[in-house]
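Chains as they are written, first to last, in my numbering: chain A, 1 to 317; chain B, 1 to 171; chain C, 1 to 867. Backbone N, C-alpha and C fix where the C-beta goes; we use that ideal spot for every residue, glycine too. To keep things clear, I will list the structure first and then write my remarks on it.
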């Protein structure tokens, strides 16, 4: 089921996601302030909304500096990769019935594939900067992505088993009676954690880690190249929120209100939750992160898959 | 794991707390008299410059942003010929006030001294000197010290006996 | 030397048994407070501050409090500095001293380098309990150099001990009694002694302070300092020059055990103000108009390319003279010294190089036990040497004390034992000198008769020496010869000041006739000996030289030759270029004047009268275009380059290059900082010009840095910019830098000797002059030197200028009777002064004071009643 107006959908999704990503900057700062008993940006325009515009103007006019010691081609490509891969993932996200760019049968696999590619951005940025902090950030990102990718995919397989499809629209439709969060609660928690790690959001921002690595992989970036990493990160937050909504919370399904509104409400809720996590949680040590991933999350994800598989098998037979 | 969830919950509850931000400049905060803001040079109760150019503030300054030159009026009263504070370097630590033996240099509860041009942050004595004793009314160094200046002869300072008559033969 | 083991707070130390405990403890770098003790003046036990506990033996727990400065070091002695009772005692002493000390520190010039402050902190006294009145005093006016603030006095008696007993002054004394003891003069007036400036350093607090510093006061911690050498006479005393805000602020003594020790003369200490004078040349002047550096330098190069002669200077550094010599060629380089003086200097150098008599350092002079001064008014021609000579008369009486087993550091017992006895010091000069009171006998004689006395003494000492011994001379000559012969370390002092070669020859004969005798010559200017060693022809030879251009280096020819001669000489050249730091009659005649750096703004080397090459360094960077003369004259980038070039061109001066470490010298990779670590105001001192602080200037010429960053360790002595150690902010910190208290600095004293005696005695001089014959209506104008006024540069310092005499002519009172208060001399009306004892036929005139500057003295002249 592909959109009848592909160009319109593409443009629509592109514009909405990018605007949303920009708006998120304001939203995050306001929410963080709210939870820290502050105001946040409230001076520029109503409620400080135009702060986003001011920030964008600022970042566009900043000097776009490429360090003379950097590997120039890779240095330029790295921020593009992250934006492109995340935006590509949005192609298969069903916002509402009929609002989707390409309703792939292997939609979920495509999303996983794209998010795996996204790690190249960080690793290459870290390497091409030729800066010890950036390199450390890149190395950390590679290790973190590898570790958390594994059980991210595994944690979703329960959903796939229940829905019997990789097609995201089909997965949503399969939740008409019961959101998968109920049968797959463990899978949901695992995916939430893996998703946060995948977007390198706090508390999993070890590749950036201001207090240890200055700004990690993007230490050397400035101007709009830095802006692209920034936008990429917020796009990632939106994407993971969309996926959680689709996979565990019935996507656009809901009573009374139009489907797209339901979808947006659910997505905004998870975005807010990600911001809350940032406001509340400290950053773990790197060895803690790795041992969590391999020693706790992976076994749990495998167990979840085995039990779900067993239950589905028993149910079917 | 539970503590993580609890932390998230507690942080969420902060939504309903009162905000502590003071909406400066719509709303001015209260600053205590001993707040460490803009530095001034005060005058003694008799209206004279308190600074005796002893250089102790300059020596105490950790960023070396105070420069002055001592000079004397014809009666022997010492004062700074120039007194310069480079506020673009000042860290408002208050060491100069601690070091000052005459209560001349004082930090005031005023921090609104932003400038677009750094040279405007270089304050000379005319910019620093105020017309009163500041936080310490009543103290006049020259009434305590033993040096003779105009209007105060030897032996006229506080707690001083009259000058010794060295030609006297009385024990 | 056998050392004694002394236990201090339970630890064993090796101490010199000839010393007292305070001396020995300080030498071991212990902190023990003191006031009245001074390393050069010994112990008197007046202040009770250095109290320590002494124990009888190991089992003695009780002990008794003794004064460390009055207790000899003894084998096996046990003392405690940290004993609570001793600590409390010292604290109580300070508390007592502070009862009347005014609340002056913020406005006191001594603050920040005050020995009393240091000792108060060291003892821990911090709270005033005494609430009664403080006694006060009225201050006295003590002249333009020293300031008096008597309230601050703590009655340590150091000032009168130095002034009266060490320096021989008698117008400073202690008056009144009990807690009202007053140190000053009987009435207001200028301190008469030439070493009064040392009171500034001798006084442990702010009673005597530097009055010249007061006019541009800066704390010690704010000064940028560099090791320097005094340029106001030939002795080359070591000084520390100090800068702030681009201006030379003051000089203090820089200890050099071999040269000046702890003291300077007032000309050296206060003459520095010429550097800040209005008469400084600060811009190149081309044909009477200010010019910038480039065209001026181009013009100089152009002139140097043509037919040119160069005239050097005895007050310019070796480097500057060598630069001029290289620019114009060795055969066209002339020493800027008149022929007569040049010959005298050459004779002096030859006597010292060829003869067996060695030049003594000032320390060695202090230890000589019999002295003959021939023709020199040392106090006025080489002032610091007079202070050393004054100590030498204590040597023989000290032997009596030694026989009575009184240690020499016990100052008053030694003086009591000596009473009025003085060692043999004989002075033969035309006019009375300030050393006469210390002399066993003074002879007043005309220059030729002074020489005749010398020849007579030498003949009595060695029959091989030529003789002309009339009966009138026999008596005094025998007395002198006897004293010199029986002395262990005899010394002959002479010099060129009377313009008489015979005197120098006589002095050489005496020294050679007396094996082991030392021979000290004074030198008229800071680099006279160095210039003489360059062996350039004298100024008189230049008068005959043919050239288009004359380049004159730091030299006012009008002070060398009569004005008419100089006028004619300068008129012979199409172009005259002068490099100098101050305006003079010569710069006024020049087509091109280049601003040369004064001593505190320059790097260079000087050779003093001892033959010691010493390096001076920049204390302040001169404002462009002022720079060292050798930079104007040559293409050398650094001091090391020109020193290298000089060493290859003049091998006998090569040793001078090792007077101080080269620019590449580092201590643990760091330079030596010119400023103390508490230097203040770096980010504000230039902020009114530009808020962006400039980078500290780099110094390519020396291992010193223009900042407070650098090694915290003690550098080689030639590089020691100032003396400071934690807890010792005053100049007394020097104790911590010495190998031995009052001995050499830990890295050895600065400077290298480049004049060493020969082994063979050359034949005696035999040109004995005939006795002096007075003439009728004509008098021999004889030079009389004045510590304040006779020297060219210090005359420009306001304080020194105020003390300079007005032009006068001095006659014997009997001869003066025929004139009134004024006479006509050299076509001018001059006031007449009567000097008793001045030999008949002589007329004394002050040297270097117009109209007597530039005269070839001594010379015959008519003196008549004013018409």
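Beta-carbon neighbours of residue i, restricted to chain B and to distances below 8 Å
i                      : result
residue 250 of chain C : Residues of chain B passing the Cβ test: none, with the nearest at roughly 13 Å.
residue 106 of chain C : 52, 54, 56, 101, 102, 141 and 145
residue 177 of chain C : 171
residue 691 of chain C : 86, 88, 118, 119, 121 and 122
residue 680 of chain C : 55, 58, 59, 61, 64, 66 and 67
residue 39 of chain A  : 19, 21 and 23
In DSSP terms, what residue i is bridged to
i                      : result
residue 151 of chain A : Answer is none; residue 151 of chain A lacks a bridge partner.
residue 38 of chain C  : C:42
residue 334 of chain C : C:311
residue 509 of chain C : Note: residue 509 of chain C sits in no beta bridge, so no partner.
residue 72 of chain B  : B:78
residue 573 of chain C : Answer is none; residue 573 of chain C lacks a bridge partner.
residue 829 of chain C : C:824
residue 40 of chain B  : B:106
residue 243 of chain A : According to DSSP, residue 243 of chain A bridges with nothing at all.
residue 796 of chain C : According to DSSP, which records beta bridges pairwise, residue 796 of chain C is partnered with nothing at all.
residue 380 of chain C : Residue 380 of chain C pairs with nothing; no bridge assigned.
When the options are compared against residue i, the one with the closest alpha-carbon
i                      : options                       : result
residue 104 of chain B : B:168, B:32 and B:44          : B:44
residue 241 of chain C : C:661, C:720, C:227 and C:81  : C:227
residue 423 of chain C : C:364, C:375, C:387 and C:487 : C:487
residue 849 of chain C : C:290, C:805 and C:815        : C:805
residue 22 of chain C  : C:33, C:12 and C:13           : C:33
residue 515 of chain C : C:405, C:408, C:425 and C:356 : C:356
residue 166 of chain A : A:115, A:292, A:110 and A:306 : A:110
residue 645 of chain C : C:145, C:321, C:9 and C:266   : C:321
residue 326 of chain C : C:643, C:191 and C:243        : C:643
Spatial distance of residue i from residue j (CA atoms)
i                      : j                      : result
residue 57 of chain C  : residue 50 of chain C  : 21 Å
residue 156 of chain C : residue 368 of chain C : 30 Å
residue 864 of chain C : residue 779 of chain C : 10 Å
residue 311 of chain A : residue 71 of chain A  : 52 Å
residue 537 of chain C : residue 152 of chain C : 56 Å
residue 150 of chain B : residue 147 of chain C : 18 Å
residue 194 of chain C : residue 791 of chain C : 14 Å
residue 167 of chain C : residue 161 of chain B : 34 Å
residue 123 of chain B : residue 85 of chain B  : 5 Å
residue 29 of chain A  : residue 41 of chain A  : 7 Å
residue 397 of chain C : residue 40 of chain C  : 17 Å
residue 587 of chain C : residue 297 of chain C : 16 Å
residue 482 of chain C : residue 491 of chain C : 13 Å
residue 558 of chain C : residue 543 of chain C : 14 Å
residue 313 of chain C : residue 93 of chain B  : 54 Å
residue 847 of chain C : residue 810 of chain C : 12 Å
Interface partners of residue i on chain B, CB under 7 Å
i                      : result
residue 138 of chain C : 154 and 163
Amino acids of chain A, ordered along the chain, whose beta-carbon sits closer than 7 Å to that of residue i
i                     : result
residue 11 of chain B : 35, 276, 279 and 280
residue 4 of chain B  : 281
Neighbour list for residue i in chain B, Cβ cutoff strictly below 9 Å
i                      : result
residue 133 of chain A : Residues of chain B passing the Cβ test: none, with the nearest at roughly 28 Å.
Per-residue contacts from residue i into chain C (C-beta, under 7 Å)
i                      : result
residue 160 of chain B : 133, 134 and 136
residue 78 of chain B  : 107
Within chain A, the residues that residue i reaches when beta carbons sit closer than 9 Å
i                     : result
residue 75 of chain B : Residues of chain A passing the Cβ test: none, with the nearest at roughly 56 Å.
Neighbour list for residue i in chain C, Cβ cutoff strictly below 8 Å
i                     : result
residue 43 of chain B : By Cβ distance, chain C contributes nothing, its closest Cβ being about 16 Å from residue 43 of chain B, past 8 Å.
#### Entry: Ranges of the beta strand (DSSP E) found wholly within the segment 121 to 194 of chain C, counting only runs of at least 3
Note on the segment 121 to 194 of chain C: whole beta strand (DSSP E) runs with a minimum of 3 residues are 134 to 136, 146 to 148, 173 to 175 and 182 to 184, in chain order.
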